[in-house]
Amino acid sequence: MIAAFVLPHVANHALGLASLDVMTSVSFAWLPWMLNPVGLAILYGAFAVHIALAVFALWRRRTLKMPVWEAAQLALGLLVPLILVQHVMGTRGATLFGASGVAYPGVVLGLWLDGWPALQQAAFLVVVWAHLCIGFHYWLRLRPWYARARVALTIAAILLPVLGLLGFARAGWEAARKAAEDPAWGGEELRGMRPEDPAAEAARMRTTLGLLGGYLGILALVLAARGLRHAGKRRAASVKITYPSGRTVVAPAGLSILEISRFGGVPHTSVCGGRARCTTCRIRVADGAENLPPANHLETEALRRVNAEPNVRLACQTRPSGACTVFPLIPPRSPSALGAVEKPDSFGRERQVAVLFIDLRGSTTLAEGKLPFDVVFYLNQFFAEMSDAIDEAGGHYSNFTGDGLMALFGLESNVKAGVRDALAAALAMLRRLDHLNQRLENELRQPLKMGIGIHSGVAIVGMMGPPKTPILTALGDTINTCARLESLTKSYGVDLVVSEAAARAGGLDLSGFARHEAEAKGKAETVPMYAIPWPGNEAVLAQLSQAQAGKGLAA
Ligand code: FES
């Protein structure tokens, strides 16, 4: 609701760049929707709830150690009432004390002529806007579409307030000039801005100061209560948290595990700032689960969304009463931890994907009689060609396995397109390998050969790996089966194996190729698949993959 008021307000200010008249006439179109008794009740109610929540957040936080953005969000939120009270009491609130009220030009003129209120108004806009933008950013950045809209939203977030401020200044200057030229107009516009009765005006001033003092008093009380609580906690029981590195933090009981991490200076991921929205603070509880309270409603819901194991908790919601050992699950320096949701799967989720495995045959024979430098050169040539083929087909390089690599397809589209893209990549790889063999004909004892496996199904996709170098990769039965299928290219003497599941998901008719039931390690049932030799089937495979992929067939 607050955003619904602030957005058109700022945009309306920007219209001042055209003229005061344009600004005023547009305001007539939307202000009545907001500033009627119902709209005002909702708006002021929203402000009151928002402010109360900010004050409560100040009380609820057991430590003020927090990331800069959280501190900025909290500080700006607490600053808003100080300016809001003066703004409201200088405009609409004045009518409660007998002022008849003024229209847009009167407000602009009044603020502009008084000088200081105009600066307050500008500061108000900046503070509210920044608070709003931080809030929206940290709320929406978990949405898959946000990464795509980020540039446009950033431009709008900067441009709109700048234009709003310029428009306000331009309109203020125009109103002041008009009032200087036509004092009667100025007098008329300003009439009604303040109560005519000096006693009423004094009451308005007292009320404004009273509200400001009351708010500051509440803040002082909350801070004092926090101090008392802190002093009490120092004498009260403490809890000990042990982290994977063996490090321990002893902190007063009552703090959440996230707060304890911050208290002890232990880096701990928290994208949403402890609001139980992002689940990036989640921990696996290795020991001391009996010292943790049951999950609250918010935590239960958030953990259900990510299908968390029973021993996983949200650090921001869990307040231990005794010692426990916890393993934070999202590395603090990973892109996920920094909130860089570059890919929708950064946080890990189960989804349908198409997987492609390749393996270079005979890499040990390749090394025989060659200098290490040569071997590395051949391998790098090979992998450069393969990764280019993956890129061209719209795939995502995911893993390097020494002699081979794994790629995921359909991450930005769907599994059907993913399978077609994977097939297009496989064809491009085989063609590129032919060309590479021609190039290296005089250097290699025998041509390079490889096997390719394509499969599709559900896998856990997410950013994984060491904190400094995580990669977007996938885990699960689908991945293991694909690796197994790739290894079967040797047994069947073919270059490419495509599972029946992938063919079905991609809508590919592979009935012209030999169908086999492959044994897969650790699986009771066999995996139906098609064994596809190369060359000889280039045209038919190209046709199949091109049917929908339409890319990635670089020769
Ligand atoms: S910090 Fe986001 S859920 Fe805990």
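Last residue of the sequence shown? That's 554 in numbering that gives the first Met the number 0, and every number before it is there in order.
The beta carbon of each residue, even a glycine, is placed where N, CA and C say it ideally should be.
- Here the alpha carbons of residue 390 and residue 455 stand approximately 19 Å from one another.
- Taken from the Cβ of residue 62, every heavy atom of the ligand FES lies 7 Å or farther away.
- DSSP places residue 396 in the uninterrupted beta strand (DSSP E) bounded by 395 to 399.
- The alpha carbon of residue 254 has as its nearest neighbour, out of 237, 405 and 24, the alpha carbon of 237.
- By the criterion of a C-beta distance shorter than 8 Å, residue 307 is surrounded in its chain by 278 and 281, once the five residues flanking it on both sides are discounted.
- When 322, 103 and 291 are compared, the shortest CA-CA separation from residue 315 is found for 291.
- By the C-beta density criterion, residue 195 is exposed, having fewer than 16 other C-beta atoms within 10 angstroms.
- The shortest CA-to-CA distance from residue 410 to any of 458, 249, 43 and 88 is the one to 458.
- In this structure, residue 531 lies near residue 496, with their beta-carbon atoms less than 8 Å apart.
- When 209, 203, 207 and 322 are compared, the shortest CA-CA separation from residue 247 is found for 322.
- Residue pairing for residue 206: DSSP places it in no beta bridge.
- Around the C-beta of residue 11, 16 or more other C-beta atoms lie within 10 Å, and the residue is accordingly described as buried.
- With a threshold of 7 Å, the Cβ atom of residue 313 counts as near the ligand FES, since some heavy atom of the ligand is closer than that.
- Residue 21 is positioned such that its CB atom lies closer than 8 Å to that of residue 14.
- Per DSSP, residue 237 is not a residue of any alpha helix (DSSP H); the beta strand (DSSP E) it occupies stretches across 237 to 241.
- Contact check for residue 305 against residue 473 fails: the beta carbons are separated by 8 Å or more.
- In the DSSP assignment, residue 408 falls within the beta strand (DSSP E) that extends over 403 to 408.
- The C-beta distance from residue 312 to residue 294 rounds to 7 Å, short enough to fall under 8 Å.
- The stretch 123 to 141 makes no contact with the stretch 203 to 214: fewer than 3 CB pairs, one atom from each, lie closer than 8 Å.
- Relative to the ligand FES, even the nearest heavy atom lies 7 Å or more away from the CB of residue 328.
- Residue 435 counts as buried, since no fewer than 16 other beta carbons sit within 10 angstroms of its beta carbon.
- The nearest non-hydrogen atom of the ligand FES is less than 7 Å from the C-beta of residue 301.
- In this structure, residue 365 lies near residue 374, with their beta-carbon atoms less than 8 Å apart.
- Here residue 249 is exposed: its Cβ has fewer than 16 other Cβ atoms, across all protein chains shown, within 10 Å.
- For residue 269, the CB falls within less than 7 Å of some heavy atom of the ligand FES.
- The straight-line gap separating the alpha-carbon atoms of residue 199 and residue 60 is approximately 41 Å.
- Residues of the same chain with a CB within less than 7 Å of the CB of residue 108, apart from the 5 flanking positions on each side, are 174, 175, 178, 185, 188 and 189 in chain order.
- In terms of side-chain proximity, the C-beta atom of residue 275 is found nearer than 7 Å to a non-hydrogen atom of the ligand FES.
- Straight-line spacing of the CA atoms in residue 133 and residue 88 works out to 27 Å.
- The Cβ neighbour count for residue 494, taken over all protein chains shown within 10 Å, is at least 16; the residue is labelled buried.
- Assignment of residue 329 by DSSP, reduced to helix, strand and coil, places it in the coil class.
- At least 8 Å separates the beta-carbon of residue 490 from that of residue 526.
- With contacts defined as CB atoms closer than 8 Å, residue 450 and residue 329 fail to qualify as a contacting pair.
- Burial is judged here by how many other beta carbons sit within 10 angstroms of a residue's own beta carbon; residue 268 has at least 16 and is buried.
- Considering only 96, 125, 206 and 536, the residue with the shortest C-alpha distance to residue 84 is 206.
- Counting along the chain, residue 286 sits inside the beta strand (DSSP E) bounded by residues 281 to 286.
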